[in-house]
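Q:
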Amino acid sequence: MKSRCALQGSLAHARFRPLAVACAAALLAITGMESASAQTTSGTPPTASTGTTTPVPQKAGDANTGDTSAASTRPVKKPEKTVTDMSQVVVTGISGSIASSMKTKEDSNNIVEAISAEDIGKLPDVSIADSLARVPGLATQRADGHANAISIRGLSPDFAGTTLDGREQATVGENRGVEYDQYPAELINGVTIYKTPDASLIGQGLSGTVDLHTINPLDLSKRTFVFNLRGAHNSNGSMNPGTGTGTSGHRASFSYVDQFFNHTLGIALGVSMVDQPIQERQYQAWWWSANNGTAGIDQNWGGPHTPGMPDNVISQEGMQLRAQSQKQKRNGVMAVVEWAPNDVYYSKLDMYYSTFSKRRYTNGAQWSSSPYDHVSYDNVQTAPGEPLPIVTSGTILGVAPILQNEYTREHDKLYSIGWNNKLYLGDWTLMADLSSSSARVKLHDAYLFSGLADGGFTSVDFDTPAAFGYPHFTPGVDLADPATMVFTDPGSPWSDPPGYGYNGRDEFDHQDDTIHAFRLQASRPLGWIFSDMDVGLAWSDRTKTKHADVYFAYLNGNGSTRETYQAHLSAPVDPAMLYRPTSLGYGGIDGILNYDVLGALYGGQFYRVQKNGQGDWSRNYTVEEKVPLAYVKFNLDTHLGSVPLRGNLGVQFVRTKQSSRALQTNGDALVGNISDGASYNNVLPSLNLVAEIGERQYLRLGLAKSMARGRIDDEKVATSAHVSQITNGPGAGQVLWSGSGGNPQLRPYVAVGTDLSWEKYFGKASYVAAAVFHKNLLNYIYKQTVLDYDFSNYTNDNPTLVPTSNIGSFTTPQNGTGGKMDGLELSGALEGGLLASALEGFGAQANFSLTNSSIPKSSISSIPGGPKTLPGLSRKVANLALFYERYGFSIRVAERYRSSFTGEAVALFDQLGYTKIRANRQTDLQLGYAFTDGSLNGLSLLLQVTNLTNSADSTVQVSTLANNAPLTRPLEYDTWGRTILFGINYKL
0 MKSRCALQGS
10 LAHARFRPLA
20 VACAAALLAI
30 TGMESASAQT
40 TSGTPPTAST
50 GTTTPVPQKA
60 GDANTGDTSA
70 ASTRPVKKPE
80 KTVTDMSQVV
90 VTGISGSIAS
100 SMKTKEDSNN
110 IVEAISAEDI
120 GKLPDVSIAD
130 SLARVPGLAT
140 QRADGHANAI
150 SIRGLSPDFA
160 GTTLDGREQA
170 TVGENRGVEY
180 DQYPAELING
190 VTIYKTPDAS
200 LIGQGLSGTV
210 DLHTINPLDL
220 SKRTFVFNLR
230 GAHNSNGSMN
240 PGTGTGTSGH
250 RASFSYVDQF
260 FNHTLGIALG
270 VSMVDQPIQE
280 RQYQAWWWSA
290 NNGTAGIDQN
300 WGGPHTPGMP
310 DNVISQEGMQ
320 LRAQSQKQKR
330 NGVMAVVEWA
340 PNDVYYSKLD
350 MYYSTFSKRR
360 YTNGAQWSSS
370 PYDHVSYDNV
380 QTAPGEPLPI
390 VTSGTILGVA
400 PILQNEYTRE
410 HDKLYSIGWN
420 NKLYLGDWTL
430 MADLSSSSAR
440 VKLHDAYLFS
450 GLADGGFTSV
460 DFDTPAAFGY
470 PHFTPGVDLA
480 DPATMVFTDP
490 GSPWSDPPGY
500 GYNGRDEFDH
510 QDDTIHAFRL
520 QASRPLGWIF
530 SDMDVGLAWS
540 DRTKTKHADV
550 YFAYLNGNGS
560 TRETYQAHLS
570 APVDPAMLYR
580 PTSLGYGGID
590 GILNYDVLGA
600 LYGGQFYRVQ
610 KNGQGDWSRN
620 YTVEEKVPLA
630 YVKFNLDTHL
640 GSVPLRGNLG
650 VQFVRTKQSS
660 RALQTNGDAL
670 VGNISDGASY
680 NNVLPSLNLV
690 AEIGERQYLR
700 LGLAKSMARG
710 RIDDEKVATS
720 AHVSQITNGP
730 GAGQVLWSGS
740 GGNPQLRPYV
750 AVGTDLSWEK
760 YFGKASYVAA
770 AVFHKNLLNY
780 IYKQTVLDYD
790 FSNYTNDNPT
800 LVPTSNIGSF
810 TTPQNGTGGK
820 MDGLELSGAL
830 EGGLLASALE
840 GFGAQANFSL
850 TNSSIPKSSI
860 SSIPGGPKTL
870 PGLSRKVANL
880 ALFYERYGFS
890 IRVAERYRSS
900 FTGEAVALFD
910 QLGYTKIRAN
920 RQTDLQLGYA
930 FTDGSLNGLS
940 LLLQVTNLTN
950 SADSTVQVST
960 LANNAPLTRP
970 LEYDTWGRTI
980 LFGINYKL
């Protein structure tokens with residue numbers, strides 16, 4: 000009955016506070032009475048984390064500031080996080096790494112997943128994200144062909160928190176989401192993923208929290224050196240000659256760990272260098288629609304009739320093929336100094352610094368085949384499709400080809416330092432932690448247009464797949480011929496004014512993100528059912544500033560205003576700037592014009608004029624968040640009858656003061672400065688219980704209220720607003736405000752969660768687990784139009800119009816209420832030797848998660864037929880890994896799967912719709928051999944292949960035709976090829 004009461008309280012999410020708290024209190028009171036006599040008669044109860052004790056001096060092993068269990072001169076708990084040795088990658092192997100991760104999971108008082116340093120070292124990873132993708136309930140989002148963001152339980156990366164040694168980290172993106180490719184796997188010693196929080200966990204996310212660990216040099220018994228060198232090759236080939244990107248690269252790392260002064264001073268130093276080529280083949284259908292007939296644009300919207308196109312067939316309205324070549328270089332340095340001079344004082348100073356440089360060259364061909372650009376068709380062929388036949392081949396006449404050559408240079412600097420100090424004073428443990436984190440980004444992006452001289456047209460033969468895959472296009476002109484393709488404005492000649500209005504664009508972005516924080520905590524042992532308690536205070540100040548300057552480029556002799564600009568003015572590319580053609584052969588086009596973009600832009604053929612538009616001004620802003628918080632956590636260690644029961648109970652109080660400074664515009668016109676902000680409080684209670692119901696068999700319950708602040712760029716006050724006079728209708732004659740922008744008064748996502756997990760461990764590296772979870776969303780964020788918005792803080796830049804009222808309509812991110820998320824997770828690992836001696840050395844890991852969600856309203860759910868689910872939610876996530884490791888040989892094949900999820904709402908050609916990112920499956924292979932004796936002892940060879948099957952990233956368009964018939968068609972199809980790495984690892 001007692002357990003049933005606790006479970007009912009957890010599942011009754013609508014009444015979480017009164018029922019859950021009452022049940023938890025009743026359970027604790029009853030177990031407390033039962034345990035009082037048990038503690039008296041049986042002596043010291045088992046510890047809450049490991050069941051073992053260790054003297055205070057060994058408390059130096061407590062590396063993570065987020066794990067601040069009490070310590071005293073009496074035996075104290077061993078820290079929950081097992082910190083291991085990077086150099087054990089070769090020694091312990093794959094099964095050893097699984098066992099190490101399992102121990103962290105088994106010993107924790109929270110529901111967690113873990114990866115040890117051995118695990119990371121044994122996976123074919125480019126970053127930590129690739130290794131995290133193997134964890135139950137986690138999936139990656141790929142960018143540039145590799146994993147760089149993490150989705151926990153199917154939710155988008157926006158909902159996950161990330162810390163380094165318990166400290167929140169600055170980020171290089173405009174959002175809070177950490178890009179994990181900034182953290183070399185070789186320099187991170189372990190990872191813990193908290194699926195249920197506790198009161199002492201700072202920087203928590205709504206879906207979970209990822210905590211990266213640095214090494215503790217005093218945990219090692221001796222001096223250790225580790226060297227790692229691997230060569231890399233991309234299978235897509237070099238597509239943009241002359242850019243220096245190529246297909247080959249390398250990864251190298253060095254780690255040194257040592258101890259001094261009778262093992263009281265430890266030093267660790269790690270250096271990592273990555274030179275990585277990326278070659279991407281991109282294809283995008285601009286949009287799909289029916290041009291002619293009863294379902295067409297001509298009869299429903301009054302658009303132009305398309306000659307040669309059959310009635311009531313679906314065709315592309317435009318396309319682009321792009322070859323993108325990148326060269327990414329990352330250098331990282333990690334240093335740790337650990338000092339435990341006596342039984343009273345412990346200190347750890349850890350520093351991380353990295354630079355990330357990316358050069359990207361994107362050259363592509365595109366054109367419009369929309370009826371509004373007056374194209375015609377010949378010899379059109381179709382294939383069966385829904386709801387109408389699909390145009391698959393034929394000839395397009397009257398095409399204006401557009402070549403866009405783009406250069407992007409990004410340089411990032413990440414810096415993080417933390418200093419953790421502990422004093423052991425009798426029964427009290429005092430902890431002070433100081434930290435600072437910064438991320439600086441400099442971005443330069445430039446592109447130029449080229450096309451046919453004098454606004455010329457050509458024909459294009461096409462053969463496009465009815466489903467997914469690359470097309471085959473044959474233009475009527477040579478797109479790589481510099482005598483044919485010249486600098487010009489190739490935009491639509493049918494628009495008013497014609498063309499794009501410029502010949503190129505040059506942009507400079509600067510972004511700084513800084514977090515300064517400190518944390519104080521006091522811990523001491525308690526009695527009754529509590530082993531100890533933690534009381535803490537923390538404060539952080541985060542400031543993110545972004546600045547963007549945009550210049551438009553014009554050919555010499557051209558004007559830069561609407562009145563003087565000549566769209567068809569053209570000039571040949573300077574021959575000194577030309578490279579060999581860019582290959583688009585995967586799309587049927589042998590080559591397109593390829594040249595030095597910066598050389599041409601600054602070489603005397605163009606002049607630049609600064610012209611920030613509305614979207615550019617909005618990227619000039621500052622957002623600051625000051626967050627003081629306090630918490631108290633009681634660690635439980637008792638019995639429920641004869642069943643050992645441990646866990647924690649606590650509450651965290653969070654005060655947030657957020658503010659923003661930015662620019663107000665009226666369209667593209669700059670009006671002035673604007674500022675705003677808000678303050679709010681959140682109280683976050685949490686309860687974690689772990690019952691050992693059998694030998695190495697556990698039942699876990701987690702109840703918690705959690706929060707995650709929205710996107711930082713949603714909190715900016717940047718806005719465009721204006722007044723206008725109503726000319727007709729009931730409000731005729733009134734002068735009203737309207738506008739759009741960010742919301743500096745935005746409140747965070749808030750959810751009440753219930754987790755129930757069963758785990759059974761056996762053998763050395765085997766377990767099975769099943770978990771269910773529910774989250775009741777009390778607060779979420781989506782974009783909507785507010786009709787009673789107060790514009791009192793805004794400047795009216797039109798003195799001829801006096802607003803009738805300061806109340807108007809404003810489109811902005813807003814908070815919604817309601818919604819829920821439910822899920823199931825299954826996971827396990829099995830050693831083959833447990834089944835039969837013939838299977839010794841074989842093993843398997845597998846996990847599967849199923850998540851459902853619903854929200855009352857969002858920007859996509861408002862679209863007819865749009866899903867009412869959280870954005871970025873993959874309903875199914877699965878991983879499977881099979882491995883063999885014996886006699887020095889190792890092989891591992893791993894596949895990860897993520898089901899489709901909703902992308903962004905889009906509107907094009909008067910059709911309102913959204914994109915859906917299709918399901919993705921990626922397979923990786925690893926082969927290795929480790930020498931275990933003789934002169935080569937410590938040397939291992941490693942062959943790794945990521946994306947073995949060259950799986951594509953693809954999206955679909957979900958919308959309606961002009962007659963409102965539903966339509967789902969392929970939109971994007973991108974591949975990055977396979978990445979092959981071969982190298983050595985050597986440990987001394």
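Once you know that position 324 of the sequence shown is 323 in numbering that gives the first Met the number 0, the rest is easy, because the numbers rise by one and skip nothing.
Heads up, the beta-carbon is just placed ideally off N, CA and C, and yes, glycines get one too.
Only a predicted model underlies this, so the values are computations on that prediction, with no experimental measurement involved.
1) Within 10 angstroms of the Cβ of Glu185, are there 16 or more other Cβ atoms? Answer buried if so, exposed if not.
2) Assuming the contact rule is C-beta atoms closer than 8 Å, Ser158 and Gly204 should be a hit. Round their C-beta distance to whole Å, please.
3) Answer with buried or exposed for Ala466, where buried requires no fewer than 16 other C-beta atoms within 10 angstroms of its C-beta.
4) Can you list the beta strand (DSSP E) stretches of 3 or more residues lying completely in the segment 105-168, in chain order?
5) What's the gap between the Cα of Tyr985 and the Cα of Phe226?
6) Output the distance between the C-alpha atoms of Thr901 and Gly363, rounded to the nearest integer angstrom.
7) Tell me whether the segment 626-642 and the segment 560-567 touch, counting them as touching only if at least three CB pairs, one residue from each stretch, are closer than 8 Å.
8) Within the chosen definition, does the segment 439-451 reach the segment 474-491 through at least 3 CB pairs nearer than 8 Å?
9) To the nearest angstrom, report how far apart Glu337 and Gly976 are at their CA atoms.
10) Which of helix, strand or coil does DSSP assign to Asp540?
11) Can you list, in chain order, the residues of its chain whose CB lies under 6 Å from that of Leu926, leaving out five sequence neighbours each side?
12) Please go through the same chain and pick out, in chain order, the residues whose beta-carbon is closer than 8 Å to the beta-carbon of Thr931, but skip the five residues on each side of it.
13) For Gly503 and Val892, what's the separation of their Cα atoms in angstroms?
14) Taking one C-beta from the segment 717-725 and one from the segment 136-148 each time, how about it: are there three or more such pairs within less than 8 Å?
15) Which partner residues does Gly535 have in the DSSP bridge list?
16) On the DSSP bridge assignment, give the partners of Asn778 in chain order.
17) Whole angstroms is fine: what's the gap from Leu442's alpha carbon to Tyr883's?
18) Return the first residue and the last residue of the alpha helix (DSSP H) that Ala267 is part of.
19) I'd like the list of long-range same chain contacts for Leu924, defined as Cβ closer than 6 Å, with 5 residues on each side in sequence excluded.
20) Mapping the DSSP letters down to three states, classify Glu624 as helix, strand or coil.
21) Mind the definition here: the segment 281-296 touches the segment 954-962 only if three or more C-beta pairs lie below 8 Å; say whether that holds.
22) Check whether the Cβ atoms of Asn962 and Ala294 lie closer than 8 Å to each other.
23) Decide if Tyr748 is buried, meaning its Cβ has at least 16 other Cβ atoms within 10 Å, or exposed.
24) Are Asn290 and Pro370 touching if we call contact CB-CB under 8 Å?
25) How far does the alpha helix (DSSP H) with Gly614 in it extend, from its first residue to its last?
26) Just to confirm, are Pro196 and Val273 a CB contact at a threshold of 8 Å?
27) In whole angstroms, what separates the C-alpha of Ser392 from that of Thr463?
28) Work out the CA separation of Tyr406 and Thr967 for me, nearest whole Å.
29) Mark Lys76 as exposed unless 16 or more other C-beta atoms lie within 10 angstroms of its C-beta, in which case mark it buried.
30) Who are the Cβ neighbours of Ser458 in its own chain at under 6 Å, not counting the five residues just before and after it?
31) Please report how far the alpha carbon of Arg695 lies from the alpha carbon of Ser950, in whole angstroms.
32) Would you mind stating whether Leu228 and Ile983 have Cβ atoms separated by less than 8 Å?
33) Is the distance from the Cβ of Val650 to the Cβ of Val682 below 8 Å?
34) Could you check how far apart the C-beta atoms of Leu413 and Ser353 are, in whole angstroms? I think they sit under 8 Å.
35) Do the CB positions of Ile711 and Glu316 come within less than 8 Å of each other?
36) Tell me which same chain residues have a C-beta within less than 8 Å of the C-beta of Pro496, skipping the five on either side of it?
A: According to the structure data:
1) buried
2) Checking the displayed sequence, the identity of residue 158 turns out to be Phe instead of Ser. That belief holds up - the Cβ atoms of Phe158 and Gly204 are roughly 6 Å apart, short of 8 Å.
3) exposed
4) 111-115, 137-142, 145-151 and 159-163
5) 5 Å
6) 27 Å
7) no
8) yes
9) 43 Å
10) strand
11) Ile890 and Leu942
12) Gly887
13) 47 Å
14) no
15) Gln520 and Tyr630
16) Val749
17) 45 Å
18) Careful: Ala267 lies outside any alpha helix (DSSP H), inside the beta strand (DSSP E) at Leu264 to Ala284.
19) Val892, Val944 and Leu947
20) strand
21) yes
22) yes
23) buried
24) yes
25) Gln613 to Trp616
26) no
27) 6 Å
28) 33 Å
29) Annotation note: pLDDT 36 at Lys76 (below 50); position unreliable, coordinate value reported separately. With 16 or more Cβ atoms within 10 Å of its Cβ, Lys76 is classed as buried.
30) Thr394, Leu396 and Gly475
31) 40 Å
32) yes
33) yes
34) 5 Å
35) no
36) Arg561, Tyr564 and Ala566
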